[in-house]
Each structure stands twice: as C-alpha cells, then as structure tokens.
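Read through the structure below, which is laid out as structure tokens, and then see the notes.
Protein chains: 2
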Amino acid sequence: MATASKDGLPNVVPMTFVKVYDDEHLLIVDNFMEKSKDNLINNPYVAICVWSMEDKQAYQIKGKAAIHTSGQIFDEAVAWVKREMPVLQPKSAVLIEITNIYVCQPGDNLGKEL
Amino acid sequence: MATASKDGLPNVVPMTFVKVYDDEHLLIVDNFMEKSKDNLINNPYVAICVWSMEDKQAYQIKGKAAIHTSGQIFDEAVAWVKREMPVLQPKSAVLIEITNIYVCQPGDNLGKEL
Numbered sequence: 000m001a002t003a004s005k006d007g008l009p010n011v012v013p014m015t016f017v018k019v020y021d022d023e024h025l026l027i028v029d030n031f032m033e034k035s036k037d038n039l040i041n042n043p044y045v046a047i048c049v050w051s052m053e054d055k056q057a058y059q060i061k062g063k064a065a066i067h068t069s070g071q072i073f074d075e076a077v078a079w080v081k082r083e084m085p086v087l088q089p090k091s092a093v094l095i096e097i098t099n100i101y102v103c104q105p106g107d108n109l110g111k112e113l
Numbered sequence: 000m001a002t003a004s005k006d007g008l009p010n011v012v013p014m015t016f017v018k019v020y021d022d023e024h025l026l027i028v029d030n031f032m033e034k035s036k037d038n039l040i041n042n043p044y045v046a047i048c049v050w051s052m053e054d055k056q057a058y059q060i061k062g063k064a065a066i067h068t069s070g071q072i073f074d075e076a077v078a079w080v081k082r083e084m085p086v087l088q089p090k091s092a093v094l095i096e097i098t099n100i101y102v103c104q105p106g107d108n109l110g111k112e113l
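In order, the protein sequence lines correspond to chains A and B. Here the first sequence is numbered in numbering that gives the first Met the number 0, starting from 0 and rising by one per residue. Here the second sequence is numbered in numbering that gives the first Met the number 0, starting from 0 and rising by one per residue.
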C-alpha cells in the first residue's frame, strides 16, 4: 500500500490483512502502521498493488481511506484479525473507497482501467 | 515502486528490472512506465518495497530519482535489458540515489532504519 505525505513524499509497505469489504470498498487492518497512518491522516489517497493468483495479473487499486478506531467496521476488523492471528492488537480499520482499478502488468492491457 | 504526483496522489506498480548499481544507487529500467514517469518528472521522490530472499525480510528503500534517456547509464540499462529480454525497448534508465532503508516487516526491527 502506497501513501504520500501532504508534500508528496511516497511511502510503500506490505499489508497482510487486506480484503474486499463490499463492491466499492477494501478493508485493511492497521496492526503496525506508523508512517502510512501519519500520511493517511493528512492525505487520504492510497494506491495498492495486488497480484491476482486467479488471473495471474497485477492490478493497481486507487482510492480514498477513512480510518475507524471504533464502531462496527473497527469491531469487524478486530474480530477478523483475532480469528486469524490472536496475538495481534489491531489499532484501526482502514476502509478504502475504491475510485479506480488499473491493470499494471506488461501486456496488451497495461494501464487499462477496469 | 511508489511515486507521487506533486499534489500527493500516490502511484505504485511492480518493477522487473531493478538492481543495485553501486553502494548508493539503484538502477531501474523504464520499459513501460507511464504514470510513474509523469510523477518522477514533477516529483523525484520514490519509495520501493523489496523482499530479500536471503534475509526473509521486507525492506523499504527511499530515494530520489534521476531519469537518463541517453549517455552511459542509459546505455548500460539498454544492454542489460537486451541481454535478458531482447524483445523489450527500454525508454529510460531511472537511477535512484538511496537516502534511507527501513525494515518494513512485523517484528522487533519494524521501522528500524539501517
């Protein structure tokens, strides 16, 4: 997941707990975020590069993040992490409103928006 | 490799041709860059997430990019790509001056600068 500071310094880190929340949102759980969260507080735009095992394709998902530290979405995120890795202590749930999806793999569809 | 527009919109895409150029630089070959290059022209800062097979660790490398479309560095990049995948037509060589390297893997060293 890539974020950027307000003055445009990019940051990119691997994310473990990422899932499709509904047709328009991804849910990412913040277990260890530091710089990414600082960036998101000041600049909510994110870019996420994913590899689809099914399609054997890389996609870039762009969107806007909202940070939840209480409420239903946070509770769902905590329950999910606790089921998978009970030792973790989720700090927040980051709900990404998906704005664009692009193919980011060399080939005829490179750069194509889905 | 993550870049950002001047107004802070992040972009992140996978890169195939990446290597250590010397102790202070990475060389990345631009075979297919579109948005990344637009961003770099206006904002040279990059963040690169790599996985080390040797250490079994993820690292984030931060730096500043210079784009070469002719000269020795470009010629070296073209020669490298032509050896590995003759069908490709490198457009430019992106030399990254490394400014910081961080561990970006959960564990005791998370966020540690090397």
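Where a beta carbon is used, it is the ideal one built from N, C-alpha and C, also for glycine. Because the structure is a prediction, the values reported are computed rather than measured.
Query raised in the report: Mind pulling the chain A residues with CB within less than 8 Å of Q59 of chain B?
Result: Here residue 59 of chain B refers to the residue found at position 60 of the second sequence. Per Cβ cutoff of 8 Å: N10, V11, V12.
Query - Beta-carbon neighbours of T2 of chain A, restricted to chain B and to distances below 7 Å - result: To locate residue 2 of chain A, count along the first sequence from 1; it is residue 3. P9, listed in chain order.
Report task. Please name the residue, chosen from B:T68, B:C103, B:Q104, that lies closest to L94 of chain B on a Cα-to-Cα basis. Result -> Start at 1 with the first residue of the second sequence, and residue 94 of chain B comes out as number 95. Of the listed residues, the one whose Cα sits closest to L94 of chain B is B:T68.
Query raised in the report: Just curious, the beta strand (DSSP E) that Q71 of chain B is in, first and last residue?
Result: Within the second sequence, numbered from 1, the residue matching residue 71 of chain B stands at position 72. Not the beta strand (DSSP E): Q71 of chain B falls in the alpha helix (DSSP H), residues 71-83.
**Report entry** CB contact below 9 Å: F16 of chain A versus chain B
**Finding:** In the first sequence, the residue the question calls residue 16 of chain A occupies position 17. Not an interface residue.
Report task. Determine which residues share a DSSP beta bridge with G62 of chain A and list them. Result -> For this step, residue 62 of chain A is matched to residue 63 along the first sequence. A:V45, A:I97, per the DSSP bridge assignment.
**Report entry** Separation of A46 of chain A from G110 of chain A, as counted between CA atoms
**Finding:** Locating residue 110 of chain A in the first sequence gives position 111, counting from the first residue. Locating residue 46 of chain A in the first sequence gives position 47, counting from the first residue. Whole-angstrom Cα-Cα distance: 14 Å.
**Report entry** In DSSP terms, what D107 of chain B is bridged to
**Finding:** Residue 107 of chain B sits at position 108 when you count from the first residue of the second sequence. Answer is none; D107 of chain B lacks a bridge partner.
**Report entry** Sequence-distant residues of the same chain with beta carbon closer than 6 Å to I72 of chain A, five excluded per side
**Finding:** For the purposes of this step, residue 72 of chain A is taken as residue 73 along the first sequence, with counting starting at 1. Excluding residues within five positions, the ones whose Cβ falls inside 6 Å are A92, L94.
Requested in this report: Inspect the beta-carbon positions of I66 of chain B and L25 of chain B and report whether they are closer than 9 Å.
Outcome: For the purposes of this step, residue 66 of chain B is taken as the residue at position 67 of the second sequence. For the purposes of this step, residue 25 of chain B is taken as the residue at position 26 of the second sequence. No, the pair does not count as a contact, with Cβ atoms beyond the cut-off.
Report task. Pull up the distance between the alpha-carbon of E75 of chain B and that of E96 of chain B, whole angstroms please. Result -> Start at 1 with the first residue of the second sequence, and residue 75 of chain B comes out as number 76. Start at 1 with the first residue of the second sequence, and residue 96 of chain B comes out as number 97. Between E75 of chain B and E96 of chain B, the C-alpha separation is close to 17 Å.
Report task. Sort A:N30, A:P105, A:D37 by Cα distance to S4 of chain A and report the nearest one. Result -> Here residue 4 of chain A corresponds to residue number 5 of the first sequence, with the count starting at 1. Answer by Cα proximity: A:D37.
**Report entry** CB-CB length for A1 of chain B against A64 of chain A, believed under 8 Å
**Finding:** By one-based count along the second sequence, residue 1 of chain B stands at place 2. By one-based count along the first sequence, residue 64 of chain A stands at place 65. Contact flag wrong, Cβ pair sits at about 15 Å.
Query - Between the CA atoms of E33 of chain A and N108 of chain B - distance to the nearest angstrom - result: Here residue 108 of chain B refers to the residue found at position 109 when the second sequence is read from its first residue. Here residue 33 of chain A refers to the residue found at position 34 when the first sequence is read from its first residue. In a straight line, the C-alpha of N108 of chain B is about 13 Å away from that of E33 of chain A.
**Report entry** Length of the line joining the Cα atoms of G70 of chain B and V12 of chain B
**Finding:** The residue labelled residue 70 of chain B in the question sits at position 71 within the second sequence. The residue labelled residue 12 of chain B in the question sits at position 13 within the second sequence. Going from the Cα of G70 of chain B to the Cα of V12 of chain B covers about 26 Å.
Report task. Answer with yes or no whether the minimum CB distance from N30 of chain A to chain B is below 9 Å. Result -> Reading the first sequence from its first residue, position 31 is the one you call residue 30 of chain A. Chain B contact via Cβ: present.
Requested in this report: Alpha carbon to alpha carbon, how far is E23 of chain B from V28 of chain A? Give it in angstroms, no decimals.
Outcome: Position 29 of the first sequence holds residue 28 of chain A. Position 24 of the second sequence holds residue 23 of chain B. Each residue's Cα considered, the two are about 34 Å apart.
Query raised in the report: Does the beta-carbon distance from P43 of chain B to T15 of chain A come in below 9 Å?
Result: Translated into the one-based positions of the second sequence, residue 43 of chain B becomes position 44. Translated into the one-based positions of the first sequence, residue 15 of chain A becomes position 16. No, Cβ-Cβ distance for P43 of chain B and T15 of chain A is not below 9 Å.
Requested in this report: Tell me N10 of chain B's beta-bridge partners as DSSP assigns them.
Outcome: Stepping through the second sequence from its first residue, residue 10 of chain B is reached at position 11. Looking at the DSSP assignment, N10 of chain B forms a beta bridge with B:T2.
Query - Within chain B, the residues that Y44 of chain A reaches when beta carbons sit closer than 8 Å - result: Counted from its first residue, the first sequence places residue 44 of chain A at position 45. Chain B residues near Y44 of chain A: G7, L8, P9.
**Report entry** For D29 of chain A, the three-state DSSP class (helix, strand or coil)
**Finding:** Here residue 29 of chain A refers to the residue found at position 30 of the first sequence. DSSP places D29 of chain A in strand when its eight states are reduced to three.
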